[in-house]
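These notes concern the structure reproduced below.
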Amino acid sequence: MANISPVKILKASAGSGKTFNLTAHYISLLFKENSSFSQILAITFTNKATAEMKHRILSVLESLALDNGEYDDYKNIIQKLNPQLSNIEISLRAQHIYRQILHHYGQFAVSTIDGFVQKIIRSFSYELEIGSSYRLEMNIDKVKKDLALRLNNVLNDRPDLLKWVINYAREQIENGKHWNYTNTLLELSNELFKERYQPFHNAIKELKKEDRFTVFETISDINRESIKSFENDFVVYFTEAKNCYIKHAVDINQFQGKTRNPISKLGESFESINFFTLYEKLVPFIDVPEKWQAKRLGDQMQFLYDELNPILKKIHRYYQENAPEYYLAQALKENIYYLNLLQEMGSLLRDYREDNGVMLISESQTLLNEINKTSLDNTSFIWEKVGTHFKHLLFDEFQDTSSNQWSNFVPLLLNMLAEAEPNTSLADHLIVGDIKQSIYRWRSGDWTLLDKKVVSDLGKNRTQEDSLQENYRSLENIIDFNNFLYKHGPRWLQEQLNDKVKNGIGEEAYEEWWQKEGFNQSIVRAYETSFQQKPLNKGSGNKGGKVNVKMLPIEKGNRSSRQTQTKEHALLALGNQILAWIQIGKYLPGQIGILVRTNKEAQDVIEHLLSIQQSLSTEERFNVISGEALMLLNNRAIKLLINSLTVMISNAKDAATFKANCLYLFHQKENESFDINNNIWFNLTDSQDINIWGRTLPHSIKENWETAQQRPLSELIELLIRGYGLDTNESDIPYLLAFKDLIAKFTHQGEQSILSFLTYWKEEGVKKALPAGEGIDAVEILTIHKSKGLAFDVVMIPFCSWSLDANHLRDFWVNTTNTSYDILKAVPVKYNANKVGKSSLYKAYFEEMLFNYLDALNMLYVATTRTIRELYITVPGETSSPNLIADLLINVLKQFNEELNVPYEQGITFPKEEYPFKKKQFMTTKKVAKGSVNLWGNGALWTWSLSRYPISEHLNHALNNQKIKTELLVLGEQDANIRLGLLLHELLSKIMSPQDLPHLLTKMLAEGFIKKEEVSILKERILLILDNRDIKELFERGYKSLNEQSIINKDGRVFRPDKVLFGPSETIILDFKFTGKKNESFINKDHINQVKEYKNLLSEMGYPSVQGYLFYAFFNTLVPVQ
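Each position in the sequence shown, counted from 1, maps to that position plus 63 in this note's numbering.
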C-alpha cells in the first residue's frame, strides 16, 4: 500500500527558529518535482506576519537565484532533499520560481485565515445569498450601537418586548439597582460576534420565530420558581430546626465555644441570619456530638442532639440534592433578561447587513462552515469555485486558531490528504504552534487543538509530531533562567489550582472528575517541552545574559491592592535603571523594550519616563515609542482640527469646551507656558463670533471661518491646516497625511458633511494609528500581546503582577445540556465561584479557571522569552493568599534559588557576576518597531523628506479659481487692463491651439469668470498671441503638455509653472506674464529666477534638456531663460 506523507505538527518554543522552518518548508515544497507555488496555501495569524513571510520567501528565492551565499542554510536543506540538483540548477530553478511568483502574484497564497476565508465566501456569494459587492465590516462597536438603536425602535411595535424591558426595570428598582439596561446589553452584545455565541444562536434558530419570546418567558418563570422554591424550603427546614432548638432550651453556656458555636445561632432572629452561611457552619457539626458539648453530652444536650441532628441531616441532604440547580438559577438570573434582548439584537443583524451592504468579519467562519456542510462529500467543489487547487497546507501560530476555524479546515485538509502523492520524503502539510504562547483565547483561540484535537481529528496515522528544542534568540543565562522558571513554575501553579479545585468541589469529585480527566496535570503537560537547548554552532557568541527580579515591599494592613501599592515604586525603579544603563553606555534606548499588560499601564510608563527627563539636558534625554503615541487622536494637530470642526457644528453654549481646546492647542508650544487673557474665557459660552472668542487665532482662520464651512470637507481641512500653520511643523506631517487619507476614505463613501465626518471619526478614526517604522533608537513600550514575534536586547516588565484568575464579573459560556435550560444549549454567566462554581455546571467553572491560570502563565512565558541579553522584572511583595503571577515568581525563586546558585534577597540577580560590556555609541540592534514620535525635538526620528505639509493640487486649483473670481469682481473699469491680464493668463495656461479656444471661453463664461461682452475681445487677443511666430512654433511641435501642475521639492515647497511641454528629447517650460510698462524694460529679474527654479526642479526629476521661456503678452515677446 502506498505511503502518504503525514501532516507534520511542529511544536516550536520561543526563539527556536519557527519562521526559518516555515520558510524552509515552503521553499522545499517549491523545489519538489511537479510542485507549483500556486498549489501551496500558507496560513498566518496577522497581516503583518503575512507580509513578513512573503518578503522572506521572495528574499530567499532572490538570494538563491543570485547564488550570493546570503541564505546558504536554505540551500543546504534543498540540496539534502534534492541531492541531484547542482548549484547552477538550484539557481536557475530559483530564478524561474521567483519570476513566476512576480508575474502571477495573485496566486501567491500566503494569507491570514480571514483573508483566505473571504476569498472562498466571495466565490460562493450567490449560493449564500449575499451581494458580491459587500463591504467587510470590522468595527464591532459601531455595529453594536446601531443594533441597540434598532432594538429600541422595535419596542414601539413589540408590546411583548416592551413589557419584558419594563419588568426588568421594575425588578432592578425593587432590588435597589440601576434599571437602564442599555450599557449592560452593549457589553454583553460583544458575545454576538464570538464563536461561543453560535450554539445559543443555533438553538434559537431552531425555534419558530413566534415561539421564541414564549420560550424566554417560560425560562424566566422556571428560573424565578427555582430560586423561590429552594429559598422557601430552606426557611421551612430552618424554622423546624429553630423550633426544636427553642423547645429544648439548652443553656448557651453548655455549648462548646458558647456563643461562638453556630448551633446557638438558631435561637437568634432569622431576620439577621444568612441561612446559607449558617448552613455551611453547621455542616461540620452533623453526626459529631463532641463538637456540640465538650467531653460528653449532658442529658439536656443529648435530647437536643437526638432531635436536632436528624433535622440538620435532612437540611444537608436537601441542600446537596437541590443547591446545584438553585445556584445555576442564580447564575442565570442576571443574564436571562439580556439573553432575550441579545437574541432579538441578533435577529436584527440581517437587516443591518442588508441596509449597509456589509458582512461582519466575525461571520466569515460560520458562513464557510455552511459551505463545508453543503459540500461535505466533495470538498474539491470548493477549490473549483475558488479557481485553484491546493496540494499543500502550511499553518502558522496554530495555538491561536479557534475551534470553528479548525473545523472549517479539517475537510479541506482531509481532501488534500486523499489526493496526495504517495511515497514523498517531505511532509506535504505543516502545522506550527506553541501552546505556551497561546495568549489570544479572548479571540477564541483554542490551545487544546494543538494539544490533542488535531491528532484526534486527522487520526494518529496521519500525523507526525516533532518539536524544536534549540533557542537561537537568547544568551545562555537567559535560556538557563527560563528553563529553570518553566520547570518549576507550571508545577507550582498546577498545585495551587488543584488545591483550589479540591476545596471547591471536595475530595471525592476531585478524584472522580478532575483527576480522572487529567486536568490535575494539564498545565504541567503544556510545559513539558519547554526546556530549551543552547545552539552549539553559536559557541562563545552565546555567552552572557543577565536576569534581575526585584520584589517591591507592601504595607501590612494596607487594604489597597498590591498592584496599586507598588505602582509608583515600580515606575521609579524602572526609570532609574534605564537612565543608569544609558548614562554608562551599557544599552542604547533602541535596545530596550518595556512590556505591559494594558494600554493604561503603557500610558503610565510613558508619562513617568517623560517626567524624569524634565531636569535632564537635551543631550541626555532619550526618546520613547509606543502604539499609543502613534494614535492619530493623540496628536496635537489632529486634536486642533477635530475641535475646530466640532465648534463649527455646535451652538455657542455647547461649543465652549471645544473653543477652549482650540485656543489651548493652537498656542501650545513645547517647553512654553500657555498664557492668554482671562477675559477671553468669558466669551467662550456667550459668543459664536470667532473674532471675539478666537481673537488670538491666526487672521486667515478668522477671515475664512464662515466661508470655509461651505467648502468640501477635504478643502476645509486643508484650509484649516494652512490657516493654523500646521503644515510647517515637521513632526505633525505624518499625522496630517494619515488624517488626509482618512478623510479621503470617508468622502469616497459619498459623505461630505462635518457632522457625518465627526461621527465617522468617533467610530473609526479614533482607532487609526501611523504605520510602523524601523530601526529607531528609542525605548519601546508595548503590550505583551503585541510583543509576540519581536525580540529586544533588554526586556523590562515593571508590572509583573497580573491576576492568575479572571474577574468574577466577566461572562463566560456554559453548556446547558441536561439542565432545565437545555433548550438554549449554551448561556453566558458571570464567572462567580459562589454561583456557577457551586451549581450543577461547576465543571465548566473550574475548566475555565484552568484556562485562566494557563493564560496567566503563557503571558509570563511570552514576556520573558522576548529578551536577548537582559531581563528586568519587578513584582509586588507576597501575601498569604497567592493570586498574582508575581506569587509564582516569588515562590519558585524562594524555594529553588539554589539551583541558580544565587541567594534570594527580596529577589535575585542571576548570575552574581557582572559581564564586561562595550560602551555603545550608536544603535547596534535593528528590530521591527511600531513607530515613533520625537517627543523632545532633539533628533529627527522620522525618515521623512517633507518639511512642509503639501497642500493638495485640488485645493490649490480651488483657491486659485476663487482668488481669480474675487479679483475679477473687485476690479472695475479703471482696472480693465489688470482684469484682462488675469483672464488671458487663465486662458493661456490651459490652451494648446486655436481649436481649444471656443470650448474654454464657453466654460469660463458658464463658471462666472468672464462676462458675455468680454468673449470677443478675449478671443481676439488670444488668437493674436497664438499667432506669435515663436509661440506658434513651440505649440506646433505636438508635444504632450501639462497645465498648472504642482511640483513639490524636498522641503515640501510647492511650485507651479503655467505650462510644461514634454518632447522625446527636450522639455519646455512656459510662464506667461502680463506686466511691464511702455518705454521701460519689461523683463523682470524675479520672473527669470522663478523660471530657473522650475528648470532646476525638472532637471533633478530626470527630464531631458530642460528649457525655460517667459512670454510677456502685452509686448508679444518670448524671452528664453538661460
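Virtual Cβ for every residue (Gly too), placed ideally from N, Cα, C.
TODO: Consult DSSP for glutamine 1185 and reduce its assignment to one of helix, strand or coil.
DONE: In the structure shown, the three-state DSSP call for glutamine 1185 is coil.
- [ ] Take every Cβ of the stretch 647–662, pair it with every Cβ of the stretch 826–834, and state whether three or more of those distances are shorter than 8 Å.
- [x] No, they do not touch.
TODO: Pick out whichever of Glu397, Asn337, Leu512 and Phe301 has its Cα sitting closest to the Cα of tyrosine 1199.
DONE: Outside the shown range of the chain (64 to 1185) lies residue 1199, about which nothing can therefore be said.
Open item on the list: Can you tell me where the alpha helix (DSSP H) holding tyrosine 137 begins and where it ends?
Closed with: Segment 135–144, the alpha helix (DSSP H) holding tyrosine 137.
TODO: Whole angstroms is fine: what's the gap from glutamate 814's alpha carbon to leucine 696's?
DONE: A direct Cα-to-Cα measurement between glutamate 814 and leucine 696 gives close to 21 Å.
Open item on the list: When you compare the stretch 909–924 with the stretch 269–288, are there three or more beta-carbon pairs, one atom per stretch, that lie closer than 8 Å?
Closed with: Contact fails: fewer than three Cβ-Cβ distances are below 8 Å.
TODO: Could you tell me whether the stretch 425–435 touches the stretch 177–196, where touching means 3 or more Cβ pairs closer than 8 Å?
DONE: Yes: at least three Cβ pairs fall under 8 Å.
Task: Endpoints, the alpha helix (DSSP H) within which proline 373 is located - done: Note, proline 373: alpha helix (DSSP H), 362–419.
- [ ] Return the bridge partner residues of glutamine 773 from the DSSP annotation.
- [x] Within the DSSP bridge table, the entry for glutamine 773 names no partner.
Task: Span separating the alpha-carbon of phenylalanine 100 from that of glutamine 163 - done: Using only the alpha carbons, I get a separation of about 8 Å.
TODO: Can you check DSSP and say which residues form a bridge with glutamine 1170?
DONE: DSSP, once it has assigned bridges, lists Ile1131 as partnering glutamine 1170.
Task: Nearest to aspartate 840 (by Cα), restricted to the options Arg684, Asn897 and Pro939 - done: Taking the Cα of aspartate 840 as reference, the smallest distance to any Cα among Arg684, Asn897 and Pro939 is reached at Arg684.
Open item on the list: I need the straight-line Cα distance from tyrosine 894 to histidine 871, nearest angstrom please.
Closed with: C-alpha separation (whole angstroms): 5 Å.
- [ ] Give me whichever residues DSSP pairs with proline 891 in a beta bridge.
- [x] Per DSSP, Trp876.
TODO: Could you check if glutamine 958 is buried or exposed, using at least 16 other CB atoms within 10 Å of its CB as the buried criterion?
DONE: By the beta-carbon neighbour count (other beta carbons within 10 angstroms, threshold 16), glutamine 958 is exposed.
TODO: Would you tell me roughly how many angstroms separate the C-alpha atoms of alanine 854 and leucine 658, rounded to the nearest one?
DONE: In a straight line, the C-alpha of alanine 854 is about 11 Å away from that of leucine 658.
Open item on the list: Between the alpha carbons of glutamate 574 and glycine 581, how many angstroms are there, rounded?
Closed with: Whole-angstrom Cα-Cα distance: 10 Å.
Open item on the list: What does the alpha-carbon distance come out to for the pair histidine 1017 and isoleucine 184?
Closed with: Reliability of the predicted coordinates at histidine 1017 is poor, the pLDDT of 44 falling under 50, and the value obtained from them is presented with this limitation in mind. About 39 Å.
- [ ] Please report how far the alpha carbon of lysine 310 lies from the alpha carbon of lysine 328, in whole angstroms.
- [x] Their backbone Cα atoms lie some 14 Å apart in a straight line.
Task: Unbroken alpha helix (DSSP H) run spanning tyrosine 24, endpoints - done: Nothing can be reported for residue 24, as the shown portion of the chain is limited to 64 through 1185.
Open item on the list: So for glutamine 147, helix, strand or coil by DSSP?
Closed with: The DSSP-derived three-state label of glutamine 147 is coil.
- [ ] May I ask you to check if the CB of glycine 608 is nearer than 7 Å to at least one heavy atom of the ligand MN?
- [x] No copy of the ligand MN appears in this structure; indeed no ligand is present at all.
TODO: Keeping to the same chain, check which residues put their C-beta closer than 8 Å to that of asparagine 253; ignore five residues upstream and five downstream.
DONE: Cβ neighbours of asparagine 253 beyond the five flanking positions: Ile203 and Lys207.
Task: Contacting residues, own chain, Cβ-Cβ under 8 Å from glycine 361 (five flanking each side not counted) - done: Contacts found: Gln317.
Open item on the list: DSSP three-state label for leucine 251, please.
Closed with: Helix, per DSSP.
TODO: Run the CB neighbour count on glutamine 1025, radius 10 Å, all protein chains shown included, and call it buried at 16 or more, exposed below.
DONE: Unreliable positioning characterises glutamine 1025 in this predicted model, as indicated by a pLDDT of 47, which lies under 50. The coordinate reading is nonetheless provided below. With a 10 Å radius around the Cβ and a threshold of 16 neighbouring Cβ atoms, glutamine 1025 comes out exposed.
TODO: Apply the 10 Å Cβ neighbour rule to leucine 998 and answer buried if 16 or more other Cβ atoms are within range, or exposed otherwise.
DONE: Low confidence applies to leucine 998: its pLDDT is 37, below 50, so where it sits in the model is not reliable enough to give any reading.
Task: Beta-carbon proximity of lysine 71 to alanine 589, cut-off 8 Å - done: Contact flag unset, no.
Task: asparagine 611 and isoleucine 936 closer than 8 Å at C-beta - done: In this structure, isoleucine 936 lies closer than 8 Å to asparagine 611 by Cβ.
TODO: Round the Cβ separation of methionine 479 and lysine 499 to the nearest angstrom and send it over; I've been treating them as touching at under 8 Å.
DONE: The Cβ separation is near 28 Å, so there is no contact.
- [ ] Give the DSSP-derived three-state secondary structure of methionine 201 in the structure shown.
- [x] DSSP places methionine 201 in coil when its eight states are reduced to three.
Task: Cβ-Cβ separation, phenylalanine 108 to glutamate 460 (assumed contact under 8 Å), whole Å - done: The beta-carbon separation of glutamate 460 and phenylalanine 108, rounded to 4 Å, stays under the 8 Å limit for a contact.
TODO: Take the Cβ of tyrosine 189 as the centre, count every other Cβ of all protein chains shown within 10 Å, and call the residue buried at 16 or more, exposed below.
DONE: Tyrosine 189 is exposed by the Cβ-count criterion.
Open item on the list: Using C-beta distances below 8 Å, list every residue in its chain close to asparagine 698, excluding the 5 sequence neighbours before and after it, in chain order.
Closed with: Within the same chain, and ignoring the five residues on either side of asparagine 698 in sequence, the residues whose Cβ sits closer than 8 Å to its Cβ are Asp795 and Tyr798.
Task: Same chain, Cβ closer than 6 Å to phenylalanine 1125, neighbours up to 5 away in sequence not counted - done: Within the same chain, phenylalanine 1125 has close Cβ partners Tyr1102 and Lys1103.
- [ ] Please confirm whether glutamine 319 and glutamine 365 have their CB atoms less than 8 Å apart.
- [x] Contact annotation: glutamine 319 and glutamine 365 have beta-carbon atoms that are not nearer than 8 Å.
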